[in-house]
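Quick note, in full-length UniProt numbering, the sequence shown goes up one by one and the last residue is 385. Every residue gets a Cβ at the ideal spot worked out from N, C-alpha and C, and that includes glycine. A quick write-up on the structure given underneath.
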Amino acid sequence: MAGGRNGFLLLGGVASVGAGALHLFAAGLHTEHATLARLMVVLAAAQCAAGLLASVSARKAVPATVIGVNLVAVAIWGYTRFAGLPWPDGLGTAEAPQLLDSTCAVLGMLAIAGAAVALVRPGATLPTAPTAVAAGLAGILAVAAMLGGAGHVHSHGDDHAHAAGGDHTDHDHGTGAAWPRPWDPATPIDLSGVPGVTAAQEQRATALVRSTLDQLPAFADVGSIGALGFRSIGDSATGYEHFVNTGYIRDDRFLDAAYPESLVYRVDGANRTLVSAMYIAKGKKIDDPELVDYGGPLMQWHVHDNLCWKAGDNGPQVAGVTDAQGNCPPNSVNPGAGNPMVHVWITAHQCGPFAALEGHGAGQAATGADGRRTDTCSHDHGGHR
Numbered sequence: 001m002a003g004g005r006n007g008f009l010l011l012g013g014v015a016s017v018g019a020g021a022l023h024l025f026a027a028g029l030h031t032e033h034a035t036l037a038r039l040m041v042v043l044a045a046a047q048c049a050a051g052l053l054a055s056v057s058a059r060k061a062v063p064a065t066v067i068g069v070n071l072v073a074v075a076i077w078g079y080t081r082f083a084g085l086p087w088p089d090g091l092g093t094a095e096a097p098q099l100l101d102s103t104c105a106v107l108g109m110l111a112i113a114g115a116a117v118a119l120v121r122p123g124a125t126l127p128t129a130p131t132a133v134a135a136g137l138a139g140i141l142a143v144a145a146m147l148g149g150a151g152h153v154h155s156h157g158d159d160h161a162h163a164a165g166g167d168h169t170d171h172d173h174g175t176g177a178a179w180p181r182p183w184d185p186a187t188p189i190d191l192s193g194v195p196g197v198t199a200a201q202e203q204r205a206t207a208l209v210r211s212t213l214d215q216l217p218a219f220a221d222v223g224s225i226g227a228l229g230f231r232s233i234g235d236s237a238t239g240y241e242h243f244v245n246t247g248y249i250r251d252d253r254f255l256d257a258a259y260p261e262s263l264v265y266r267v268d269g270a271n272r273t274l275v276s277a278m279y280i281a282k283g284k285k286i287d288d289p290e291l292v293d294y295g296g297p298l299m300q301w302h303v304h305d306n307l308c309w310k311a312g313d314n315g316p317q318v319a320g321v322t323d324a325q326g327n328c329p330p331n332s333v334n335p336g337a338g339n340p341m342v343h344v345w346i347t348a349h350q351c352g353p354f355a356a357l358e359g360h361g362a363g364q365a366a367t368g369a370d371g372r373r374t375d376t377c378s379h380d381h382g383g384h385r
């Protein structure tokens, strides 16, 4: 290399610049979370600066800087694939890897590897041609990730409109991609094009569906969940059976697929098939801004204000619903509306991934001026059950 410059350090620098460029691009996708966007810009600047420094200096402090900056970036990425962060806003829930963030992490790891070799072998060089090819591939990879990231979650253009129209023609009423629309977990998650939904709301709702799909199957064996604290509420006669974990309800976790407050199983004789999580928000009102804004019109929280409960051997059991006069069956009580809840389905559902159970079990939800619920697709429920 010219001037004896360490080839591995140069490659690490190129990878660091590529990772920084991706972080800068990603910051533009998170403008709804100002603090997060600013931090991403700062991290992007640090990665780009470290990478450019690697092209002009071979001092020992340079590879150490490249390693340090990119190690922070990769560590944050790795942690947030499995758990949320309390700060900044926008990283509150774990997100499954996507093309954009995964490519950014790969470039960060390449930067770390190249700089590490440079520290161990300061005089190492690489042939000019392979170095140039590798640098070009890193650039192409970064650009490809940007293009893929632009269309995956945040694009609301013709591609998504076409997909929505092609798959859900019956639900398109000329005002954009209507909601709810049929959901099939075997197909890519597409919550795009819904009027009134911001990019941040779409991203949060998409991440919640993805994390539920990834983590809820751990509870598929109904015979094993009792040891975790889940108890049936005795509603199997409805065709679905809810198992509630009061410990998870009392904790401070919010929309955490690893700790679902309630599990819903489809009943088929003695068999139970896990179909949905029912997340419960402790101590909140149904119109709490945190709930309303989380997924916007995509998600509709509801409460059960007409259920009657009785004491059971393993905890409270559903005894039925109130009659027309608001009375419960003998030896049961109606405690009124409880904590708000929302379903996320891991099996196909005609009314979308956040559908409520139809009929009396749908509970009561806050609705808009038109009285329409977005978690049901029967049009005879009005604003209530």
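In this structure, Ala54 keeps its C-beta atom at 9 Å or more from the C-beta atom of Trp77.
For Leu274, the uninterrupted beta strand (DSSP E) segment begins and ends at Asn271 to Ile280. Following the DSSP letters along the chain, one finds Arg210 inside the alpha helix (DSSP H) bounded by residues Ala199 to Gln215. Contact between Ala124 and Val66 is absent: CB atoms are separated by about 15 Å, not below the 8 Å threshold. For Trp309, the closest of Gly92, Pro329 and Leu298 by C-alpha to C-alpha distance is Pro329. A residue is called buried when at least 16 other Cβ atoms come within 10 angstroms of its Cβ; Ser224 does not meet this threshold and is exposed. Contact check for Trp345 against Val275 passes: the beta carbons are separated by less than 9 Å. Sequence-distant Cβ neighbours of Asn339 in its own chain, meaning closer than 8 Å and more than five residues away, are Ile249, Ile280, Ala281, Lys282, Gly283, Lys284 and Val303. The residue among Ala58, Ala61, Val62 and Ser102 with its C-alpha nearest the C-alpha of Tyr79 is Ser102. Within 10 angstroms of the beta-carbon of Val244 lie 16 or more other beta-carbons, which makes it buried.
Per DSSP, the unbroken beta strand (DSSP E) holding Arg231 starts and ends at Phe230 to Ser232. In the three-state scheme derived from DSSP, where H, G and I count as helix and E and B as strand, Ser262 is classed as strand. Rounded to the nearest angstrom, the Cβ distance from Leu191 to Thr206 is 6 Å, consistent with a contact under 8 Å. Counting C-beta pairs with one atom in each stretch, the region 286–301 and the region 228–239 have fewer than three that are closer than 8 Å, which means they do not touch. Residue pairing by DSSP places Asn245 opposite Phe230 in a beta bridge.
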